[in-house]
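These notes concern the structure reproduced below.
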Amino acid sequence: MFRSTDTIVALATPMGASAIAVVRASGPDCTALAAAIFGPTPLPPRLACHTDYRDLKGLILDDVLVTFFKGPHSYTGEDLLEISSHGNPFISQLILNDILARGFRAAEPGEFTRRAFLSGRMDLSQAEAVMDLIYARSERALAAANQQLRGSLGRHLGKLTENLLRVLAHVEAYIDFPDEDLPPEDRHFAQEELASVLRGTERLLATHHYGELLREGIKTVIIGEPNVGKSSLLNRLVGYDRALVSTEPGTTRDFIEERLILGPHCLRLIDTAGLNSSPAVIEKLGIEKTVERAAEADLILWVLDATLPCPTLPTSIMPRLNSANTLVLLNKHDLLADHPPTAKPPEGLPALPLSALTGEGFETLATTIIQHAEAFRLDRGEDVIAINSRHADALRRAREGLITAQTKLINQGPVELLSSDLRSALDAFGEIAGKIDNERMLDHLFAAFCIGK
Amino acid sequence: MGASTLLLTGNIDTIAQMSCNPAIGGQAKGQMVREIDALGGEMGINTDLTGIQFRLLNESKGPAVQSPRAQCDKKAYQFRLKHTLELQSNLQVFQATVTELVFTGQKVTGVRTNLDIEFSGVTVVVTTGTFLRGLMHIGQNKNEGGRLGDFSSKTLSASLIKAGVKLHRLKTGTPPRLLGRSLNFSKMEEQRGDASPTLFAFHDTRDPAGLFHVEQNGEQYIGWQPGSHQVSCWMTHTTPETAQLVRDNLHKSAMYSGEIEGVGPRYCPSIEDKFVRFADKPRHLLFLEPEGRSTNEYYVNGLSTSLPFDIQLEMVHSIPGLENAQLLRPAYAVEYDFAPPTQLYPSLESRKVENLFFAGQINGTSGYEEAASQGLIAGVNAVHKVRREEPLIIGRHEAYIGVLIDDLVTKGTNEPYRMFTSRAEYRLLFNHGSAELRLLHHAKAHSLVSSTRLARIEEKKRQTDYWITFFETHKAPAGQGTLGDVIRSSTMGGGAMPEFPVEFSSQSEALRQEVMYRVGYQGYLAREQRQIKKLSQIEKIKIPPSIDFMQVRGLRKECAIKLSATKPYTLGQASRISGVNPSDISILMVLIEASRGGAKR
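Rendered as structure tokens:
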């Protein structure tokens, strides 16, 4: 009677850094999911396999241990897949998002346990314990969601929903009241409104915490004179945990860009051309670009050679530096041999001694960067909308519906199908803030149009 | 179904009398009439045989939102249906006003009439229309009655309240009726019917003899060849003088002077409402609709009002073509009692009083089609109740009738409820042509259509499925994928249709249209079917009526209160109550499994 028809997925280990993180999927499509990620060879049941996790785009996210459990011999009594990755929340989120993007559903609070109970994997006497667990989990999820919905997420989403309802009302009016004396259908209005809803949805998605980190990371720019050890610093930092790094070439050949995971944060490390005080013509171009990069930076790592006097930075950069966005790194500390550093950074900028050669001072650097990253998040205040993967998943589906609808509006596609796309977007919004009753669309419709022959 | 049934009505001559405009169908309603026909109801065939103008609405849009509509001969409609009832076996028709219900404990066991005759029955279906404490308003003038010239049912309300049924007030209105020969049609725009009419009944599966079954019984038949000799409607509009008259006299309107406590429908506002709420709209469209072939009476669609008679007259005369119009009947608003439908089970049986069923306007709906749908379901379920059988409950995913009843019993209504296609989550699956195929299993399980018709519907379904599979599995020439792919790209506006096999071309037009729709819109229909499948499980799980939600461990209190108030029948219904979230459903699932499982495991 209670056979599940869909496959659910969730993080099975707590959020935050840990040794390993487990993403778990349960339901009839686990075999297909495994084949799609790990290749067509069926996974032997109950045997941990070491393999690469490739996302939808074919990129390797991590090397993982995957175990397949054939129902009914599993925790839930259904086919079940457990994927253990390195215990960085960034990676487990990438994996979770990838599985959601493949069309699987995020589990509701306590749903794995509920399924286990319903498929007879638990004793009847445990029913009350299961109900308690579902209650507790959902209360916690609800509290978290409420906090977000009371904040800026709720406000933004509320506005998007109202605007979308208005577009839908304009479409529905012409479907349900063809015999009324309605003004000529204004597809232009619908197009503009829809474009604004789409923009809003994209903005909301862009502020999605993990989404932001995924695409952007915290933009960290390394600046300094030539030969002060910028590249060694980068290599040392990246080498900090090479398993967690994917190397991408810089967008321009003047830069090297690397991604780095530090605690819960993702850094986009950008190494720049050296700031030569008397540059050749060819170098001038590079320096201009460095200045541009520094201007966009969330965090600037200014590398100095501790054994040399502090150089003067270009006037286009210097005024931008402050204690919140800059760390001065006194490199080559090992060469000082207990002497005080020759380099004297400007006052008010925090400075750290370290050695890219020996690795001395890098632990402190990591902690300090994490502190800055945290502060950076707080600085954004209200604009930070920390939506979770479930919300992001819903928003992505909303965006999909909106884009399809937009195409139909432009191509004069069938109006009832246009409505179908808009409703799919509306339903996706509803998954975040609570189901949206059709009555609300009708309110808009009757407010906008004089209906009634 | 063969149950012995008594029909009591205050006036046999007004059975099936259309109080408002004599039109059947329209958006969503047209689909409902076809659903009623698929379940063996009489509305479709009665409309086909007495319709005087047929139009398919939204013809330029996709099949899902196309709706048949017909203007009927008011008297012919009513007389044919009266005649049909008279000839119906097992049905006894009797004229009497029911004054009260007879109860034994918390069960209804019969009714008492104004002549003090008592009738007993195992189940009772109440369909009071606008007659329950009906009060008509024309300006400051008030008259008791459910319809102009008719009576009001005054004591039945007290009987319902005594039994614990809550009652509230609703309001609706109707425009004036005019004499045709006093109108100047040359100042109006003509609206003709469709040259090839879309009928309501499924004539391809109905017994051809059944079409004229009144005749077959050796009686005189009233009617004409369906769709023949259609008549026209006429369009005109209000003028600035009309608007001025309304504004100057707003304080005299029953609606605006606080005379009316009931809530009126937003989709059918009075002319006062239109000028007040849409003040910047310079004029409002009006339709002159003939009330029949053998009458010169015209209905003014769009001019519903509760202004006093003298203002009505001036107002009518301010309209192009109506300058010299003679009023046959004035416009009026009517207020009446209804029983908020959240007091019902999805079978339409009262949760307060066992064996008592409600249908139509007493449940807060408006419209002939909505009423007929409920009448059919309540009737079938009253019989099942007598026989202690499972009730007929149609899902939201199956038909507009399912959406209607689920909305009523789950959410209730604040205004007279009318069906809109937008109320259905799976609108694309509800094209009017598919009603028989969608509801076949119910018609079969509840013996609602004759066995010969059932066999024809089953054959139609087989043929439909066969051709869908055929097109999806046969390759098109020149590497364009399957024939289905070619049909789809043609449907969505590109390229020609493939060449069809003769065997397909020789099928009935209805069948070909259905196949073309299902293949052409396959992607979108599949999306809705996937959603249905996702929810199918919880829709099927019944909640034991014995559950005391307040005692369920882990349910949030606000949720428990809402569940207790609505007493949902299935988990699906529970999930649609606002404020009930997925984890509450999870908890109920575990509880239900635990309470069932004890015996099973």
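As you go down the protein sequences, you meet chains Y and C in turn. Residue numbering for the first sequence follows the numbering used here, beginning at 1 and increasing consecutively. Residue numbering for the second sequence follows the numbering used here, beginning at 1001 and increasing consecutively. A virtual CB, placed ideally from N, CA and C, is assigned to each residue, including glycine. Remember, predicted model here, so these are calculated numbers, not experimental data.
Would you say residue 1580 (chain C) faces chain Y, with C-beta separation under 7 Å as the test?
-> False, the Cβ-Cβ gap to chain Y never drops below 7 Å.
Same chain, Cβ closer than 6 Å to residue 165 (chain Y), five either side skipped, listed in chain order | 440, 441, 444.
Element boundaries [alpha helix (DSSP H), containing residue 1025 (chain C)] = Where residue 1025 (chain C) is concerned, there is no enclosing alpha helix (DSSP H), although the beta strand (DSSP E) it sits in stretches over 1023 to 1025.
When the cut-off is 7 Å and only beta carbons count, does residue 1544 (chain C) lie next to chain Y?
-> Interface residue (Cβ-Cβ distance to chain Y less than 7 Å): residue 1544 (chain C) is not classified as such.
Pair within 7 Å by beta-carbon distance, residue 1204 (chain C) and residue 1056 (chain C) | Contact flag unset, no.
Alpha helix (DSSP H) runs wholly inside the stretch 1319 to 1371 of chain C, at least 4 long, in chain order | Under the rule that a run must span 4 or more residues, no alpha helix (DSSP H) segment is found entirely inside the stretch 1319 to 1371 of chain C.
Helix, strand or coil at residue 373 (chain Y) according to DSSP, with G and I counted as helix = Reduced to three states, the DSSP call for residue 373 (chain Y) is helix.
Apply the 10 Å Cβ neighbour rule to residue 1011 (chain C) and answer buried if 16 or more other Cβ atoms are within range, or exposed otherwise.
-> Exposed.
Supposed close pair residue 1432 (chain C), residue 1068 (chain C) - CB separation, criterion 8 Å | Cβ atoms of residue 1432 (chain C) and residue 1068 (chain C) come within 8 Å of each other, at about 6 Å.
Residues that residue 1092 (chain C) bridges to, as DSSP identifies them | Residue pairing of residue 1092 (chain C) in beta bridges, as defined by DSSP: C:1006.
Just reading off the alpha helix (DSSP H) that residue 351 (chain Y) is part of, what are its end residues?
-> Residue 351 (chain Y) -> not in any alpha helix (DSSP H); beta strand (DSSP E) instead, spanning 351 to 353.
Measure the Cβ-Cβ separation of residue 1304 (chain C) and residue 1270 (chain C) and say whether it is below 7 Å.
-> In contact: residue 1304 (chain C) and residue 1270 (chain C) (Cβ atoms closer than 7 Å).
Tell me, please, whether the stretch 1115 to 1123 of chain C touches the stretch 1228 to 1237 of chain C by the rule of three or more beta-carbon pairs shorter than 8 Å.
-> Fewer than three beta-carbon pairs drawn from the stretch 1115 to 1123 of chain C and the stretch 1228 to 1237 of chain C are found closer than 8 Å, and the two stretches are therefore not classed as touching.
Taking a Cβ distance cut-off of 8 Å, strictly less, list which residues of the stretch 185 to 196 of chain Y are near chain C, in chain order.
-> Answer in chain order: no residues at all.
Can at least three beta-carbon pairs, one atom from the stretch 1400 to 1409 of chain C and one from the stretch 1330 to 1350 of chain C, be found at a separation below 8 Å?
-> The stretch 1400 to 1409 of chain C, when compared against the stretch 1330 to 1350 of chain C, does touch it at the 8 Å Cβ threshold.
When Cβ atoms are compared, which residues of the stretch 6 to 25 of chain Y fall closer than 9 Å to chain C?
-> From the stretch 6 to 25 of chain Y, only 6 have a Cβ closer than 9 Å to chain C.
What do you get for residue 176 (chain Y), buried or exposed, if any count of 16 or more other CB atoms within 10 angstroms of its CB means buried?
-> Residue environment: residue 176 (chain Y) is assigned as buried (16 or more neighbouring CB atoms within 10 Å of its CB, all protein chains considered).
Beta strand (DSSP E) containing residue 1233 (chain C): first to last residue?
-> Annotation: the continuous beta strand (DSSP E) that includes residue 1233 (chain C) extends over 1233 to 1237.
Residue 1072 (chain C) lies in the beta strand (DSSP E); which residues open and close that run?
-> Start and end: 1067 to 1072.
Answer with yes or no whether the minimum CB distance from residue 209 (chain Y) to chain C is below 7 Å.
-> Because residue 209 (chain Y) sits at a pLDDT of 48, beneath the cut-off of 50, its placement in the model cannot be relied upon, and the point is left open.
Note down the Cα distance separating residue 1360 (chain C) from residue 1377 (chain C), rounded to an integer number of angstroms.
-> C-alpha separation (whole angstroms): 11 Å.
Kindly confirm or deny that the stretch 1413 to 1427 of chain C and the stretch 1494 to 1509 of chain C touch, where touching means at least three C-beta pairs closer than 8 Å.
-> Contact between the stretch 1413 to 1427 of chain C and the stretch 1494 to 1509 of chain C is absent, because fewer than three Cβ pairs lie under 8 Å.
Collapsed DSSP secondary structure at residue 1103 (chain C) in the structure displayed | Looking at residue 1103 (chain C) - three-state DSSP - the assignment turns out to be strand.
Between the Cα of residue 478 (chain Y) and those of Y:43, Y:180, Y:156, Y:411, spot the shortest distance and give me the residue it belongs to.
-> Past the edges of chain Y, shown from 1 to 453, lies residue 478 (chain Y), and the structure says nothing about it.
When you compare each of C:1585, C:1225, C:1370, C:1265 to residue 964 (chain C) by their alpha carbons, which one comes out closest?
-> No information on residue 964 (chain C) is available, as it lies outside the stretch 1001 to 1601 that chain C covers here.
Opposite residue 499 (chain Y) in the DSSP bridges: which residues?
-> The displayed coordinates of chain Y run from 1 to 453. Any statement about residue 499 (chain Y) would go beyond what the structure contains.
Got a sec? Which residues, its chain only, sit under 7 Å from residue 1532 (chain C) by beta carbon, not counting five neighbours each side?
-> Same-chain partners within the cutoff: 1397, 1426.
Closer than 7 Å, CB to CB, is residue 1057 (chain C) near chain Y or not?
-> It does: the Cβ of residue 1057 (chain C) has a partner Cβ on chain Y nearer than 7 Å.
Find the residues of chain D that neighbour residue 1027 (chain C), judging by a C-beta separation of less than 9 Å, and give them in chain order.
-> This model lacks chain D altogether; the protein chains it does include are Y and C.
Coil, strand or helix - residue 1053 (chain C) by DSSP | When secondary structure is reduced to three states using DSSP, residue 1053 (chain C) falls in the strand class.
Chain Y contacts made by the stretch 1251 to 1274 of chain C, where a contact means CB separation under 7 Å = The stretch 1251 to 1274 of chain C vs chain Y, Cβ under 7 Å: 1266, 1267, 1268, 1269, 1274.
Between residue 1422 (chain C) and chain Y, is there a C-beta pair that is closer than 7 Å?
-> For residue 1422 (chain C), the answer is yes, since a Cβ of chain Y falls inside 7 Å of its Cβ.
Alpha carbon of residue 1219 (chain C) to alpha carbon of residue 1087 (chain C), nearest angstrom | Here residue 1219 (chain C) scores only 46 on pLDDT, less than 50, and its place in the model is too uncertain to base an answer on.
Residue 1533 (chain C) versus chain Y: which residues are under 7 Å apart at the beta carbon?
-> Under a criterion of Cβ atoms nearer than 7 Å, the residues of chain Y adjacent to residue 1533 (chain C) are, in order, 5.
When we look at the beta-carbon of residue 286 (chain Y) and count the other beta-carbons within 10 Å, is it buried (16 or more) or exposed?
-> When all chains shown are included, residue 286 (chain Y) counts as buried.
Report, in whole angstroms, the separation of the C-beta atoms of residue 417 (chain Y) and residue 408 (chain Y), which I expect to be a contact under 8 Å.
-> Rounded, the Cβ-Cβ distance is 6 Å, consistent with contact.
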